[in-house]
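Below: the structure, in structure tokens.
Chains as they are written, first to last, in UniProt numbering: chain B, 1 to 378; chain Y, 1 to 378.
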């Protein structure tokens, strides 16, 4: 391989995933194909000179946090955009913007960046599962003359190769029949503990309480139990399928946003809109009986409950909700912890699906999914 | 994305996998980023003009077999090499040689092609699991100035994303602890049928006989039962790990060839060297008792037998052979048909591994793995 100029990487968002991403990027053995040129937190920006060799990767790895917190430059996405655009258009550099936030306002800038030839890599689900117009703008900007590329592997299954596998199946002409999986690490943990196929078991509210203590849920558990996280991931997969050039028109419904996914929320109607997680948890035990009843019905049929997401291409439906699976099914036997599992039923992988399984959340594996995308652009 | 000149693809080997690959390649919707420029069978060559638009993909898809069989050009890898070298060096074209044979002599040419800047994609395990000198020559040729790239996803697990996942784990700085899997579709089928964890079951020779009738084994079943196919796949994975730039030296043994893998053959010593598959199968029942004994021992422990391959990075060992797994283990519960399953135990995917599972053999999924690699080079 010929040695190329390094790709310039600008990072927005330096929280848990962002910090881990920076650490992984700066741990790539020299000579790295990547060069960090800026870091933007919610309040500040640190600009690094791409041509300076003064700050080596190991040194920067130790110092970026203090350098960023002592920087006098405010966080300003407008000037970041101007700087990156100049690097691409005047200096003919290859630039990647890595959005490690979960912000809607950062996501709204992807079309601008892509149109300028800036590549965009992110674990942020907002742009790809939000309003369909933003999705269309992204597709258009990226496919325009000189447009940048976007990759978002870490939006589904964190570091697991879910989106790349889907694209390879589609790109080589396979036909997707159905994608079915446990897409939420939180829901995975909750139902692996709650529903084992054996009779009885812990109360639903107790399991949710433990999951929250362990940090597996959002501060407000309703933000997991509403199923929106799963609906967003299904929207992302569904749109990839629909946007792929094939001979036959997509049978999937056009999703206006993740809210168009048929999602069966687990929030009891009486507990909708409760403002705090603490109050929600305090009132959840009053609804334990109905979850116990569902579990009992399932175990009588030799089944377990799992909160799954389904992109049913053949049936033309995208849905998220509680479903029952035999205790011999991989969703029952094979899952543990907060594992994700994704099954691709396709023309070629039929009758037995292609399966991908493993941790689907956590900073290290999410950052890995992001860095993997960045390395694909090298 | 800017529109680029198509990549030129030369195919050597038009058997089951080769034909399916050509069919998949020619089914890519127009405008395809790939252009077929030559087909070479064991006897003939068909040369296609990259600048001619006379033969469209759909037309070629119907006609390539008859065009090739009526071609008067002999199969001649020397002149193919000359032609491709000229396309790369003089015409500045990007060229991919796809080796769909299982030939040692084609594999021996990879260093020559790579050194000339020709990219090489293949499901052929020979070069990557054979003599270590060929492997070193490939690495050197590819990393030389202007060298071509090589990709070989389909050598392990066919279309399953095994090698790409391994490279992504390594490339993003994860540490591999152990890779463990059922790597042979044939062995998978045989032991899924033979050892279910329940007491008793069919005779070993009967299962092997059925597998052969179904076309799951080589014509001579000893070519599967010797474990060499698994040893080759482990060699490929092991060399990828060892060759990756990291801070710590590899703890894996340098493998002189796949024969250096500790492989526990399933061929009874008395049946070594039997010339025909028919005679082998006729004499196998005399050894059924010893396989039944192993199965009985396993089932008494609540376990099943599986023929697995292990790259134990932490333990510094690469081995293939029969091992016992609890009936609750994914190798026991989750496998069916001739599925492969591969578990990556890593620093990040720990204690629960990253798992990839699905059909690991067959023309459609193997060709898909090859075409996926070709598309990665676009």
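The beta-carbon is built from N, C-alpha and C at its ideal position, and this holds for glycine as well.
*Taking the C-alpha atoms as reference points, what is the distance between residue 423(B) and residue 355(B)?*
Because chain B here runs from 1 to 378, residue 423(B) falls outside it and cannot be looked at.
*residue 40(Y) bridges to which residues according to DSSP?*
Residue pairing from DSSP places residue 40(Y) in a beta bridge opposite 12(Y) and 45(Y).
*residue 163(Y): which of 143(Y), 141(Y) and 122(Y) sits nearest, CA to CA?*
Residue 163(Y) has its Cα closest to that of 122(Y), out of 143(Y), 141(Y) and 122(Y).
*Where the beta strand (DSSP E) containing residue 346(B) begins and where it ends*: Per DSSP, residue 346(B) belongs to the beta strand (DSSP E) from 339-346.
*For the alpha helix (DSSP H) containing residue 212(B), list its first residue and its last residue.*
Unbroken alpha helix (DSSP H) run through residue 212(B): 204-213.
*State the DSSP-derived secondary structure class of residue 183(Y), mapped to helix, strand or coil.*
Reduced to three states, the DSSP call for residue 183(Y) is coil.
_Please identify the residue among 319(B), 43(B), 100(B) and 51(B) whose C-alpha is closest to the C-alpha of residue 74(B)._
Ranking the options by Cα distance to residue 74(B), first place goes to 43(B).
*Count the other CB atoms, across all protein chains shown, that sit within 10 Å of the CB of residue 346(B); report buried if there are 16 or more and exposed otherwise.*
Residue 346(B) is buried by the Cβ-count criterion.
*Tell me where the beta strand (DSSP E) around residue 308(B) begins and ends.*
Annotation for residue 308(B): the continuous beta strand (DSSP E) segment containing it runs 303-312.
_Along the region 157-187 of chain Y, where does the CB come closer than 8 Å to a CB of chain B? Name the residues._
Here the close residues are 159, 160, 161, 164, 165, 168, 169, 171, 172, 173 and 174.
*Any C-beta of chain B sitting closer than 8 Å to the C-beta of residue 232(Y)?*
It does not: the Cβ of residue 232(Y) has no partner Cβ on chain B nearer than 8 Å.
*One or two residues paired with residue 319(Y) in a DSSP bridge*: Paired residue(s): 262(Y) and 310(Y).
*Would you say residue 122(B) faces chain Y, with C-beta separation under 8 Å as the test?*
Using beta-carbon distances, residue 122(B) does not count as an interface residue toward chain Y, since no partner is under 8 Å.
*Expressed to the nearest angstrom, what Euclidean distance is found between the alpha-carbon atoms of residue 285(Y) and residue 178(Y)?*
If I take the Cα positions, the gap works out to 36 Å.
_Spatial neighbours of residue 397(B) in its chain, beta-carbon cut-off 6 Å, leaving aside the 5 residues before and after_ = Lying outside 1 to 378, the shown extent of chain B, residue 397(B) is not represented and no answer is given.
_Nearest residue (CA-CA) to residue 195(Y), options 237(Y), 295(Y) and 233(Y)_ = For residue 195(Y), the nearest C-alpha among the options comes from 295(Y).
*Classification of residue 192(B) by the beta-carbon crowding that lies within 10 angstroms, buried from 16 upward*: Buried, because 16 or more other Cβ atoms sit within 10 Å of the Cβ of residue 192(B).
_Neighbouring residues, chain B, relative to residue 328(Y) (Cβ below 9 Å)_ = Contact of residue 328(Y) with chain B by beta-carbon distance below 9 Å involves 333.
*Min CB distance residue 365(B) to chain Y below 8 Å*: True, the Cβ-Cβ gap to chain Y drops below 8 Å.
*Residues near residue 367(B) by beta carbon distance below 7 Å, same chain, minus five either side*: Excluding positions up to five away in sequence, the list reads 17, 20, 21 and 24.
*Quick one: using the 10 Å Cβ neighbour count with 16 as the cut-off for buried, is residue 5(B) buried or exposed?*
With fewer than 16 neighbouring CB atoms inside 10 Å of its own CB, residue 5(B) falls in the exposed class.
*Residues of chain B with a CB under 8 Å from the CB of residue 24(Y): which are they?*
Near residue 24(Y) (Cβ distances below 8 Å), the residues of chain B are 172 and 173.
*residue 378(B) in three-state terms, based on DSSP*: Residue state, collapsed to three classes: coil.
*asked:* Contact between the region 118-138 of chain B and the region 90-101 of chain B is defined here as three or more beta-carbon pairs at a separation below 8 Å; is this criterion met?
replied: Yes, the region 118-138 of chain B is in contact with the region 90-101 of chain B.
*If residue 332(Y) sits next to residue 197(Y), beta carbons under 8 Å apart, how far is it from one beta carbon to the other, in whole angstroms?*
Going by Cβ atoms, the distance from residue 332(Y) to residue 197(Y) rounds to 6 Å, so yes, they are a contact pair.
*In chain order, what residues of the region 342-358 of chain B put their CB closer than 7 Å to some CB of chain Y?*
For chain Y, the residues of the region 342-358 of chain B that bring a beta carbon within less than 7 Å of one of its beta carbons are 348, 349, 352, 353, 354, 355, 356, 357 and 358, in chain order.
*Given that residue 27(Y) touches chain B, what residues does it touch there, using C-beta distances under 7 Å?*
The answer, in chain order, is 173.
*Return helix, strand or coil for residue 357(B), following the three-state DSSP convention.*
For residue 357(B), the three-state secondary structure derived from DSSP is strand.
*Nearest-angstrom Cα separation, counted from residue 312(Y) out to residue 139(Y)*: Across the structure, residue 139(Y) and residue 312(Y) are spaced so that their CA atoms are roughly 23 Å apart.
*Please decide whether residue 249(B) counts as near chain Y, where near means a Cβ-Cβ distance under 8 Å.*
Cβ-Cβ to chain Y under 8 Å: no for residue 249(B).
*Buried or exposed: where does residue 361(Y) fall if 16 or more other Cβ atoms within 10 Å of its Cβ makes it buried?*
Residue 361(Y) sits buried, since 16 or more C-beta atoms from the chains shown fall within 10 Å of its C-beta.
*residue 14(Y) beta carbon less than 8 Å from that of residue 41(Y)*: Closer than 8 Å, so yes.
_Candidates 10(Y), 161(Y), 146(Y) and 144(Y), of which the one nearest residue 152(Y) by Cα_ = Comparing Cα-Cα distances from residue 152(Y) to each of 10(Y), 161(Y), 146(Y) and 144(Y), the minimum goes to 161(Y).
*Apply the 10 Å Cβ neighbour rule to residue 129(B) and answer buried if 16 or more other Cβ atoms are within range, or exposed otherwise.*
Flag for residue 129(B) reads buried.
*Measuring CA to CA, which of 279(Y), 323(Y), 169(Y) and 107(Y) is closest to residue 181(Y)?*
Of the candidates 279(Y), 323(Y), 169(Y) and 107(Y), the one whose C-alpha sits nearest the C-alpha of residue 181(Y) is 323(Y).
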